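Using our numbering, read the sequence shown as starting at -15 and increasing by one per residue.
Idealized CB from N, CA, C, for every residue including glycine.
All figures in this text were calculated on a predicted structure; none of them were measured in a lab.
For reference, the structure discussed in these notes is given below.
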Amino acid sequence: MKLERLPALELADRARMAPPSQEVMIPFRGVPTLPMPEHVVEAARTAAGEVFPRRGRGSAPLRQAIASHLAGAYGLTVDPEGELLITHGAQHGMSVALRALLSPGDEVVVPAPSYFFDGMIRLAGARPVYVPSDESRGWDHVPAAVEAAITPATRALLLCNPNNPTGYIPGRERLSGLLDIAARHGLTVFSDESYERYVWDGPGYVPQMLLRDRHPDLVTVTSLSKNYAFTSWRIGYVHAPAHLLEPIHHAFEWDAINVGDVAQAAAHAVMTGPQDWIEQEFATMRARRDILRAGLERAGLASVRPDAGVFVFVDCAPLGFRGRRLERLLLDHGVTAIAGDAFAGPDTHVRMVYGGSAADLEEAGRRLTGLTRRGARPALVE
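Right under this line is the structure:
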C-alpha cells in the first residue's frame, strides 16, 4: 500500500528547505514548548537507571494516575487494569485501535474537516467516508448527513473532540445525538480527544465516555504528551471497555510490545506533580488565538472562532490559490500553514497554529495583510 506522508511533517520539511531568498519563517508552534520541570527530569533519570518487569498495558502507577485524573476531572469511573492501555502517543493508539477492530472493506464515517486519520484507516484496510461539517454553524457536525453516509459496509464513526483543525467542540447534546446514531447502526465510535485541556470557549469539552450509557462500543484515544506539553516523549493512552481493549492490546503487542519505562515515569511525574508551570502557558492561549484572528481580520481573511485547540482554520479564498499552491504562496512569505484538503476540508482554507509568541503572531498578521493589499489575485487553480 502506498501512503502519502503525514501532511504536517511534510510541510515542516518544506519550510526547513526554503531558499534563503524567502522571508524568514515565523516560528509557529502547535503545542507549548516548555522546559521540563525538575521533578519530571528526576523521575526520568531515576527510571533510566532501573530495570522494570515488562508491563504490556503500561505501568500500574501511570494507569492509576490516568484513572484518578478522569475521576477527578469528569467523574468517570475507570478500571485502570482492564480499560486503559499506554501507547506511543495518540497517533499510535488510534492506528493500533483501528487495525485491531476493523477489517478490509469496512467503511469509517468521519465528520470533516478532521485530523489526518486517512492513512491510519487505510492501513487497517478500511475506507474513510468524509461527511462535510457546517462552516456557517461553526463547523458543527450534521447528524442527518452523518446518518445518510452510513451503508451496510460501515463499521465505525470517527470523531475528533475537540476538533483539529477547526477547534469545534460538539457539546453534550450534539455528541449524544451522534452516539445515538452509532448505537442504532451498531457502529464502534473512535474518538481522538488529544486537546481536552486546550478549551477556551464554547459548550465545554465532554468526554464521550461520560455518555457510555447511550452506547457501550466507545474507544477514546488521548495524547498525554500534548496535554502535558512534552510531545517529544510520544506517550498517550487508549481508554475502552474490556471487550474492546482486549483485541486492541493484542494488536499493540504485535506492533510495539510495550512503551518504554522512562517515558512512562516522566508521564506519571508530570500528571501527579505540580501543574502551575503548564497552567501559566495555557492561560495565555486564548489571548494568542485572538491576536492571530485580529491579524487575519485586518487582512480580510475570515475564520470561525475556534473554541479549543491551538489552531485557526482560515478561509484564504481572497488570496486566489488553493491546496499546495496556497501553501507555497504562504511559505514564500514565511508563514507555514496546511491546506484544508489535507484534513478532507475545503482546499481554499488553511490551518494556522497560534502557539508562537505574541510578536510572531502579530508579524503573521502584517505579512498576510501585505499579501491581500497588493491585490495580486490570480484565478483559482488546482
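The criterion of a C-beta distance shorter than 8 Å is not satisfied by I50 and E347.
In the structure shown, I275 adopts helical secondary structure according to DSSP, grouped into three states.
Judged by pairs of C-beta atoms under 8 Å, the segment 153 to 166 does not touch the segment 327 to 338, as fewer than three such pairs exist. In the DSSP annotation of this structure, the continuous segment of the beta strand (DSSP E) that includes V115 starts and ends at R111 to P116. For G220, the enclosing beta strand (DSSP E) begins and ends at G220 to H223. Counting the other Cβ atoms within 10 Å of the Cβ of G279 gives 16 or more, which makes it buried.
A distance below 6 Å between beta-carbons, with the five flanking residues on each side excluded, links R273 to the following residues of its chain, in chain order: Y338. A distance below 6 Å between beta-carbons, with the five flanking residues on each side excluded, links H169 to the following residues of its chain, in chain order: I134.
Within the same chain, and ignoring the five residues on either side of G66 in sequence, the residues whose Cβ sits closer than 6 Å to its Cβ are A226.
Residue pairing of L142 in beta bridges, as defined by DSSP: F174. Under the DSSP assignment, I70 falls in the beta strand (DSSP E) whose first and last residues are L68 to T71. A straight-line Cα-Cα distance of about 37 Å links P231 and E119. Contact between V288 and W123 holds: CB atoms are separated by about 6 Å, below the 8 Å threshold. Counting every other CB atom within 10 Å of its CB across the protein chains shown gives D176 a total of 16 or more, marking it as buried. For A213, no alpha helix (DSSP H) segment is defined, and its DSSP state is neither H nor E.
Residue burial is scored here from C-beta neighbours: E180 has at least 16 other C-beta atoms within 10 angstroms and is therefore classed as buried. Inclusion of G349 and R270 in the CB contact set at 8 Å is not warranted, their separation being larger than that value.
Annotation: Y99 to E26 spans about 34 Å, alpha carbon to alpha carbon. Counting along the chain, L285 sits inside no beta strand (DSSP E), nor does DSSP assign it H or E at all.
If you look at D344, you'll find it in the alpha helix (DSSP H) that goes A342 to R357. A distance below 6 Å between beta-carbons, with the five flanking residues on each side excluded, links L141 to the following residues of its chain, in chain order: V93, A166, L171 and V173. When the Cα atoms are used, D90 and L18 turn out to be separated by approximately 41 Å.
Boundaries of the beta strand (DSSP E) around P95: E91 to A96. DSSP lists S175 and H223 as the bridge partner or partners of T204. Our two residues, S207 and G14, have alpha carbons roughly 14 Å apart in a direct line.
According to the DSSP assignment, H333 belongs to no alpha helix (DSSP H) but to the beta strand (DSSP E) extending over H333 to V337. In the structure shown, F266 adopts helical secondary structure according to DSSP, grouped into three states.
Short of 8 Å from the beta carbon of L(-10), and not among the five residues preceding or following it, lie these beta carbons of its own chain, in chain order: F100 and G103. Annotated three-state conformation of A292 is strand, per DSSP. Beta bridge pairing from DSSP links I322 with R335.
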